[in-house]
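J.: Mapping of the sequence shown onto the numbering used here: residues 2 to 745, in sequence order. Glycine residues also receive a C-beta, built at the ideal position from the N, C-alpha and C atoms. None of these values were measured; they are calculated from a predicted model. Once you've had a glance at the structure underneath, I'll fire off some questions.
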Amino acid sequence: MEATLIAPPTLKENASLQDATKDLETVTLSVPEIVCGNCIRTVETALRNIRGVSAARANLALRRVTVTLCRRNDNASPDVPDLVAALKNVGYTAAEVVEGAETTASHGRTSELIPRLGVAGFAAANIMLLSVSVWSGEASDMDNSVRDLFHWVSALIALPAIAYAGQPFFRSAFSALQAHRLNMDVPISLGILLATAMSLFQTIRGGEQVYFDAAITLVFFLLIGRSLDESMRVRARGAAENLLSLRAMSATVVSEDGSVRSLPARALSPGMRVAIAAGERIPADGTVASGRSEIDESLITGETVPRYVAAGAHVHAGTVNGSGTLHILVTIADENTLLAEIGRLMLAAEQSRGRYVRLADRAAQIYAPAVHVLGLLTFAAWMLSGSGWELSVTHAIAVLIITCPCALALAVPAVQVAAMSRLLSRGVIVKAADGLERMGEIDSVVFDKTGTLTLEEVVLVDDQNIDARLLARVASLAVTSRHPYAQAIVRAARDRAIVVDAVEGVQEIPGFGLSYIDEGREQRLGSAQWVGAGADQNAEASLWYKSTDETPVGFRFIDIIRPDARETVEALRDAGYSVELLSGDRPQAVARAAAASLITDWQGALSPSEKLERIGELRSKGHKTLMVGDGLNDAPALAAGYASMSPASAVDISQAAADAVFQGDRLGSVVETLKVAQAARRMALQNFAIAIAYNAIFVPMAMLGQVTPLVAALAMSTSSIVVTANAIRLRTKKLRLKPVRRYE
Numbered sequence: 002m003e004a005t006l007i008a009p010p011t012l013k014e015n016a017s018l019q020d021a022t023k024d025l026e027t028v029t030l031s032v033p034e035i036v037c038g039n040c041i042r043t044v045e046t047a048l049r050n051i052r053g054v055s056a057a058r059a060n061l062a063l064r065r066v067t068v069t070l071c072r073r074n075d076n077a078s079p080d081v082p083d084l085v086a087a088l089k090n091v092g093y094t095a096a097e098v099v100e101g102a103e104t105t106a107s108h109g110r111t112s113e114l115i116p117r118l119g120v121a122g123f124a125a126a127n128i129m130l131l132s133v134s135v136w137s138g139e140a141s142d143m144d145n146s147v148r149d150l151f152h153w154v155s156a157l158i159a160l161p162a163i164a165y166a167g168q169p170f171f172r173s174a175f176s177a178l179q180a181h182r183l184n185m186d187v188p189i190s191l192g193i194l195l196a197t198a199m200s201l202f203q204t205i206r207g208g209e210q211v212y213f214d215a216a217i218t219l220v221f222f223l224l225i226g227r228s229l230d231e232s233m234r235v236r237a238r239g240a241a242e243n244l245l246s247l248r249a250m251s252a253t254v255v256s257e258d259g260s261v262r263s264l265p266a267r268a269l270s271p272g273m274r275v276a277i278a279a280g281e282r283i284p285a286d287g288t289v290a291s292g293r294s295e296i297d298e299s300l301i302t303g304e305t306v307p308r309y310v311a312a313g314a315h316v317h318a319g320t321v322n323g324s325g326t327l328h329i330l331v332t333i334a335d336e337n338t339l340l341a342e343i344g345r346l347m348l349a350a351e352q353s354r355g356r357y358v359r360l361a362d363r364a365a366q367i368y369a370p371a372v373h374v375l376g377l378l379t380f381a382a383w384m385l386s387g388s389g390w391e392l393s394v395t396h397a398i399a400v401l402i403i404t405c406p407c408a409l410a411l412a413v414p415a416v417q418v419a420a421m422s423r424l425l426s427r428g429v430i431v432k433a434a435d436g437l438e439r440m441g442e443i444d445s446v447v448f449d450k451t452g453t454l455t456l457e458e459v460v461l462v463d464d465q466n467i468d469a470r471l472l473a474r475v476a477s478l479a480v481t482s483r484h485p486y487a488q489a490i491v492r493a494a495r496d497r498a499i500v501v502d503a504v505e506g507v508q509e510i511p512g513f514g515l516s517y518i519d520e521g522r523e524q525r526l527g528s529a530q531w532v533g534a535g536a537d538q539n540a541e542a543s544l545w546y547k548s549t550d551e552t553p554v555g556f557r558f559i560d561i562i563r564p565d566a567r568e569t570v571e572a573l574r575d576a577g578y579s580v581e582l583l584s585g586d587r588p589q590a591v592a593r594a595a596a597a598s599l600i601t602d603w604q605g606a607l608s609p610s611e612k613l614e615r616i617g618e619l620r621s622k623g624h625k626t627l628m629v630g631d632g633l634n635d636a637p638a639l640a641a642g643y644a645s646m647s648p649a650s651a652v653d654i655s656q657a658a659a660d661a662v663f664q665g666d667r668l669g670s671v672v673e674t675l676k677v678a679q680a681a682r683r684m685a686l687q688n689f690a691i692a693i694a695y696n697a698i699f700v701p702m703a704m705l706g707q708v709t710p711l712v713a714a715l716a717m718s719t720s721s722i723v724v725t726a727n728a729i730r731l732r733t734k735k736l737r738l739k740p741v742r743r744y745e
């Protein structure tokens with residue numbers, strides 16, 4: 002059974018571009034120690050200084066570096082070990098990307114941080130209780146021996162807790178210093194260690210100023226920010242990795258003498274003849290040599306209705322053979338297939354948006370040297386004033402602690418957690434670490450049709466006007482098929498209280514339809530060709546029924562538009578967003594969906610590369626586009642969009658490419674996500690302002706000796722609490738979609 006005979010879209014070939022880049026090779030390295038903007042600059046500079054490297058681009062979200070090598074002079078071209086060695090020289094561990102290894106490593110890092118966070122939180126709570134007792138005792142009758150006992154108990158709790166919980170920062174700082182460079186973890190580690198060492202020194206000599214509470218509280222808040230950041234990065238892995246699940250792993254090759262043998266799909270080459278059984282994935286691009294069947298090409302066109310194929314039809318790797326056995330002649334195999342090219346498009350799109358650098362990372366580029374300079378100046382100034390090394394070190398420690406970037410580091414994660422919590426309660430899952438930031442800057446929205454603007458089901462048109470006896474006969478045949486159109490007929494019959502009983506003896510002819518013979522009379526349900534419908538009959542019908550000596554009857558179907566599609570589009574347009582519809586489906590179907598949802602700008606029958614080109618056009622005009630799509634054919638566009646969303650019904654690859662996934666039948670989740678994203682962006686900027694104001698007030702005070710390390714830790718903690726409290730407001734705040742610049 003088939004709806005329309007449409008040749009599947011293919012990606013445009015660009016021979017001239019291939020010639021221009023044939024001497025270039027791209028290598029992707031995993032560099033898990035990239036944690037800030039300063040790391041990006043160091044890594045890229047180290048690689049670009051290697052002879053034979055034409056470009057190097059680091060991706061902070063994925064912690065990857067894409068290196069372009071020039072192979073015109075093999076003697077001068079570096080290999081992967083050379084790249085790894087260059088990064089090792091500047092303090093970074095790197096390895097060539099291995100499918101699945103990065104995700105495993107990220108989960109391992111997250112699993113490592115959580116217990117350290119728990120230990121730091123437990124220790125901080127208990128030490129703070131002891132500190133409160135000491136502070137209270139100073140105003141009452143606590144003697145020095147009890148105070149010293151509490152200090153020793155604090156030391157016994159703090160020393161092992163800091164040694165264990167602070168390891169992520171200590172290791173990172175040590176690696177940086179070994180490579181003669183600085184990162185954010187160097188001043189953090191220095192402040193923690195100095196505060197701990199000074200506290201231990203004061204405890205041994207029976208002094209009053211002990212800062213174990215400041216040191217462990219500092220570690221606790223730093224681990225909160227690091228854990229949130231790492232957990233979000235785990236979800237930001239490259240979507241192209243999931244393409245492996247759509248590849249056929251083996252193929253049945255038919256030799257010239259008729260014998261068959263099994264080969265890995267990677268071993269196929271053009272000219273081979275491959276047999277594809279019903280239900281199997283096609284292992285390579287090719288042409289049908291014999292047989293007829295229906296192919297599920299939803300990953301290419303986004304259309305869930307299978308496409309009929311017979312001898313001479315083109316098929317693509319990754320698509321699924323529906324019902325009949327096919328023999329295909331391989332034309333393109335392995336890394337040159339359409340599926341592999343879509344994967345490359347997605348990787349390129351991810352890298353193009355990976356240059357997005359958040360405000361916190363930009364601030365972090367100058368953080369480390371500035372903190373060291375301020376701490377050193379404070380120590381030197383107090384030494385020159387004759388205050389002695391002990392007091393000078395104490396003031397320098399206060400500067401290092403108070404300049405800890407906790408508020409700065411939590412400014413974005415705290416807002417993200419609050420925003421994600423709100424969206425999760427409304428059925429939206431945000432996956433990308435910086436997805437909300439980008440969604441807050443959107444000015445145009447592009448929808449796919451099938452499965453996005455519409456639901457997955459189709460409905461029978463004018464079913465109430467169809468004769469009940471005719472509908473019953475057709476439904477009794479259709480109930481034996483799983484075809485979407487056949488199931489729509491069965492639903493329509495049952496909605497009219499018609500009893501649908503399956504008849505025995507129905508035969509399904511792959512690529513044509515159903516046949517049933519009763520008392521010498523044949524009934525057919527399927528394509529126009531199968532039932533013999535003439536060209537002058539209902540051209541819009543997608544399914545036909547004919548009984549012997551009767552006129553063929555056509556049935557039309559339409560997609561079900563999401564119930565709030567029109568309302569969603571109106572809300573977006575009222576706020577100034579541009580709204581477009583791009584689909585790989587038939588132009589007639591796309592036009593109907595556009596009219597039903599009040600979208601005036603639409604295009605149909607688009608290939609993945611054509612969708613990608615349109616997204617590129619919008620980007621070249623300065624627009625920031627939200628791509629909302631379902632199906633593998635949307636995956637490159639999802640990755641190329643400034644931000645992206647997919648429904649929960651989308652295939653896994655599209656969900657992986659998208660920044661957010663929404664559940665349920667309502668499209669209003671898109672508007673809600675944009676509302677939250679706008680509010681989250683405003684609150685993130687507010688948090689940055691709070692962090693800047695905190696430093697502007699307390700850093701001079703610390704340098705002037707007006708702030709002790711304990712007060713510095715409390716001020717640091719207070720700034721973090723204020724930032725977090727400001728972010729929590731987002732969970733319950735009433736929001737509205739703010740107007741954006743009118744699209745032209």
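Count the other C-beta atoms from every protein chain shown that fall within 10 angstroms of the C-beta of Met-199, then say buried if there are 16 or more, exposed otherwise.
T.: buried
J.: Could you tell me whether the region 610–625 touches the region 591–598, using the rule of 3 or more Cβ pairs below 8 Å?
T.: no
J.: Considering only their Cβ atoms, is the gap separating Phe-380 from Ala-399 smaller than 7 Å?
T.: Not a contact, by the Cβ cut-off of 7 Å.
J.: For Met-250, does the count of other Cβ atoms within 10 angstroms reach 16, so buried, or fall short, so exposed?
T.: exposed
J.: Measuring CA to CA, which of Ile-722, Gln-707 and Thr-69 is closest to Ala-692?
T.: Cα-wise, what sits closest to Ala-692 is Ile-722.
J.: Can you give the beta carbon distance from Lys-432 to Ala-180, rounded, assuming they're within the 8 Å contact cut?
T.: Their Cβ separation, rounded to whole angstroms, is 33 Å, which puts Lys-432 and Ala-180 out of contact at 8 Å.
J.: Is the beta carbon of Thr-338 less than 7 Å from the beta carbon of His-315?
T.: no
J.: Excluding five sequence neighbours on each side, which residues of the same chain lie with their C-beta closer than 7 Å to the C-beta of Asp-666?
T.: Leu-456, Arg-563 and Pro-564
J.: Just checking, does the region 417–428 make contact with the region 670–687 on the three C-beta pairs under 8 Å criterion?
T.: The region 417–428 and the region 670–687 touch, with no fewer than 3 CB-CB distances between them shorter than 8 Å.
J.: Would you decide whether Gln-210 is buried or exposed? Buried here means 16 or more other CB atoms lie within 10 Å of its CB.
T.: exposed
J.: Determine whether the beta carbon atoms of Val-504 and Ala-494 lie at a separation below 7 Å.
T.: Their beta carbons are not under 7 Å apart, which means Val-504 does not touch Ala-494 by this criterion.
J.: Keeping to the same chain, check which residues put their C-beta closer than 6 Å to that of Val-446; ignore five residues upstream and five downstream.
T.: Leu-573, Tyr-578, Val-580 and Leu-627
J.: Can you give the beta carbon distance from Ile-217 to Ala-159, rounded, assuming they're within the 8 Å contact cut?
T.: With 8 Å as the limit, Ile-217 and Ala-159 qualify as a contact, their Cβ atoms being about 5 Å apart.
J.: Rounded to a whole number of angstroms, what is the C-alpha to C-alpha distance between Asn-322 and Phe-513?
T.: 15 Å
J.: Helix, strand or coil for Pro-284 per DSSP?
T.: coil
J.: Nearest to Ala-473 by alpha carbon, out of Arg-492, Val-462, Val-460 and Arg-483?
T.: Arg-492
J.: If we count the other Cβ atoms within 10 Å of its Cβ and call it buried at 16 or more, is Lys-676 buried or exposed?
T.: buried
J.: Among Gly-207, Arg-227 and Leu-157, which residue has its Cα nearest to the Cα of Ile-189?
T.: Arg-227
J.: Nearest-angstrom Cα distance between His-583 and Thr-601?
T.: Here the sequence assigns Leu to residue 583, which means His is not the residue at that position. The alpha-carbon separation between Leu-583 and Thr-601 amounts to approximately 11 Å.
J.: Are the beta-carbon atoms of Val-255 and Arg-274 separated by less than 7 Å?
T.: yes
J.: Output the boundary residues of the beta strand (DSSP E) element that contains Gly-514.
T.: 514–519
J.: Given a threshold of 16 other Cβ atoms within 10 Å of its Cβ, counted over all protein chains shown, does Thr-22 qualify as buried or as exposed?
T.: For Thr-22, the predicted model reports a pLDDT of 40, less than 50, meaning its position is unreliable; a value from the coordinates is still stated below. Exposed, by the Cβ-count rule.
J.: Roughly how far, in whole angstroms, is the beta-carbon of Val-81 from the beta-carbon of Thr-404, given that I think they are within contact range, below 8 Å?
T.: The Cβ separation is near 39 Å, so there is no contact.
J.: Where do the ends of the beta strand (DSSP E) carrying Tyr-165 lie?
T.: Tyr-165 -> not in any beta strand (DSSP E); alpha helix (DSSP H) instead, spanning 145–166.
J.: Looking at C-alpha atoms only, which residue of Ala-469, Ile-510, His-624 and Gly-292 is the closest neighbour of Ala-311?
T.: Gly-292
J.: Any idea what DSSP makes of His-181, helix, strand or coil?
T.: coil
J.: Let me know if Phe-202 comes out buried or exposed under the rule of 16 or more other beta-carbons within 10 Å of its beta-carbon.
T.: exposed
J.: Would you kindly work out how many angstroms separate the C-alpha atoms of Glu-638 and Gln-679, rounded to a whole number?
T.: The sequence shown places Ala at residue 638, rather than the Glu named in the question. Rounded to the nearest angstrom, the two C-alpha atoms are 22 Å apart.
J.: Check each candidate in Glu-97, Ala-56, Ile-729 and Val-44 and name the one with the smallest Cα separation from Val-416.
T.: Ile-729
J.: Could you work out which residue in Glu-391, Val-629, Val-475 and Arg-470 is closest to Ile-443 when comparing CA atoms only?
T.: Answer by Cα proximity: Val-629.
J.: Which residues mark the beginning and the end of the alpha helix (DSSP H) in which Leu-573 is found?
T.: 566–575
J.: For Ala-47 and Val-187, I'd like the C-alpha separation in whole angstroms.
T.: 20 Å
J.: What are the boundary residues of the alpha helix (DSSP H) that His-396 is part of?
T.: First-last of the alpha helix (DSSP H) with His-396: 390–403.
J.: Would you report the Cα separation of Arg-238 and Ala-126, rounded to the nearest angstrom?
T.: In this prediction, Arg-238 has a pLDDT of 47, which is less than 50 and means its spatial position is unreliable; what the coordinates show is noted afterwards. Cα to Cα, Arg-238 sits roughly 35 Å from Ala-126.
J.: How long is the line joining the alpha carbons of Ala-703 and Pro-79, rounded to whole angstroms?
T.: 50 Å
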